[in-house]
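**Q** Whatever position you read off the sequence shown (first residue = 1), add 215 for my numbering. We put the beta carbon where it would ideally sit given N, CA and C, even for glycine. Next up is a structure, given as structure tokens.
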Amino acid sequence: MTPAQVELVKDGFQTIYQDKQDFARSFFTYLFQIIPAVRESFPEDMTEQHRKLAETLTFVIYHLHDPAKLHEAATMLAGRHLDAKARQPHFVAGAVALERALDKHMPRRPSREETEAWHQAFLLVTDMMAETLGISAA
């Protein structure tokens, strides 16, 4: 990611920060619409999952400039996803769900540059996760 892309993601996240729990809820709603079989890997009450995703997003976004911290977070996330038997289609579905949640929660439709910056951030983290899991995220 370029420094400009990092700043675009951070700036965009500032606009949804207050609603990050709702953003997380939307993310999971879209994820389950895209790949319904994933739903069975999650508890009925998703409150804790929404909180975890919101906290993880916050940590990752504010550490995009710090590869060591980012890799640490990605390794932790990979462990969580290993238990859920995450595979390449899950990462692709996650990218689509993220873009849909952004479209819903950003005060205006993200520009092409903003969407690409978020996509690059997602790829950066999921590539690190996939490397840890020994699978391909792309």
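Quick one: what does DSSP say M321 is sitting in, helix, strand or coil?
**A** For the purposes of this step, residue 321 is taken as residue 106 along the sequence shown, with counting starting at 1. Coil at M321, not helix or strand.
**Q** Thinking just about the alpha-carbon of each residue, which of Q220, E255, H320, D318 is nearest to the one in Y277?
**A** As a working note, residue 277 is residue 62 in the sequence shown. Answer by Cα proximity: Q220.
**Q** In chain order, which alpha helix (DSSP H) runs of at least 4 residues are fully inside the stretch 222 to 270?
**A** 235 to 249
**Q** Quick check on H280: buried or exposed, where buried means 16 or more other Cβ atoms within 10 Å of its Cβ?
**A** Looking up residue 280 in the sequence shown gives position 65. Counting Cβ neighbours within 10 Å, H280 comes out exposed, since fewer than 16 surround it.
**Q** What do you get for Y245, buried or exposed, if any count of 16 or more other CB atoms within 10 angstroms of its CB means buried?
**A** Residue mapping note: residue 245 aligns to position 30 of the sequence shown, counting from 1. Y245 comes out buried.
**Q** Distance, Cα to Cα, A269 vs F238?
**A** Here residue 269 refers to the residue found at position 54 when the sequence shown is read from its first residue. Here residue 238 refers to the residue found at position 23 when the sequence shown is read from its first residue. One C-alpha to the other measures close to 8 Å.
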